[in-house]
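Structure first, commentary second.
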Amino acid sequence: MNGRLEFRIIDRGSHDLADIQRLYERSFPENERIPFHILLKQKRSQALFHAAYECEKLIGLYHVFLGDEVNYLSYICVDPAFQNQGAGTAILKHIHDTYADKPIVVDIEEVNPDDDNYIEEVRRRLFYEKNGYTSTGIFYHFFDVDYELLSYGGIVSRQMWIDLTLKIWGQRAKGARYKER
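Here my numbering is used: the first residue of the sequence shown is 49, the next is one more, and so on.
In structure tokens form, the structure reads like this:
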């Protein structure tokens, strides 16, 4: 990366919508993805979906659910051609600056040495820690995935997280099984 990133809201009118959708679908396992068309339909008062560009080239994207007490960074990814060049950190900095009024949470796959993608899980956790995230101590199982919740910019309680997930997913959020640590 050489220059400054520009951020644009993603909607049905985005000129490179097919490229954005491909990046999104390539970056996240199907069982962890909200259908793309649903992300596009969300009200901007509830969630924001942005693409990051450098010199008109799509670099990455992020999606944030806006909560009453905490904001949830549900997706962030960088095109593989631009990874390990500071793009992810630049996107996070933008997110931190934009949503500084409340703590920001992100859920990551719980690091497990027995998982096939253990190295990826460790790298992801280290990336967030390097960028100021800390464990909330909240661990849960949802849609066949074990997650750990990390936060930036403040303390997040389990009740704050539960309230936000009920707002986002409604009754489906009650399917999450929390683990004591």
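Yeah, the Cβ is synthetic: ideal placement off N, Cα and C, and Gly gets one too.
Listed in chain order, the non-local C-beta contacts of GLU169 below 8 Å within the same chain comprise ILE156, GLU157, GLU158, VAL159, ASN160 and ASP163, local neighbours out to five positions each way being set aside. Per DSSP, HIS111 is one residue of the beta strand (DSSP E) stretching across 105-113. Exposed is the label assigned to ASN132, since fewer than 16 other Cβ atoms lie within 10 Å of its Cβ. Taking a contact to require three or more Cβ pairs closer than 8 Å, the region 77-97 and the region 172-183 do not qualify as touching.
As computed with DSSP, THR182 is found in a beta bridge with SER199.
Bridge pairing for ASP194: HIS189 [DSSP].
Proximity of the region 138-150 to the region 56-74 falls short of the contact definition, fewer than three beta-carbon pairs being nearer than 8 Å.
As a beta-bridge residue in DSSP terms, LYS227 pairs with PHE187. Per DSSP, ILE143 lies in no beta strand (DSSP E); the unbroken alpha helix (DSSP H) holding it starts and ends at 135-146. Rounded to the nearest angstrom, the gap between the Cα atoms of GLU196 and VAL154 is 8 Å. In the DSSP secondary-structure assignment, HIS98 is bridged to ILE57 and TYR110. Counting only unbroken stretches of 3 or more residues, the beta strand (DSSP E) elements lying wholly within the region 147-179 are 152-157, in sequence order. Beta-bridge pairing by DSSP links ASN79 to no other residue. Of the other Cβ atoms in all chains shown, 16 or more fall within 10 Å of the Cβ of PHE113; this residue is therefore buried.
Rounded to the nearest whole angstrom, the CA to CA distance from ARG206 to ASP192 is 20 Å. According to the DSSP assignment, ASN119 belongs to the beta strand (DSSP E) that extends over 119-126.
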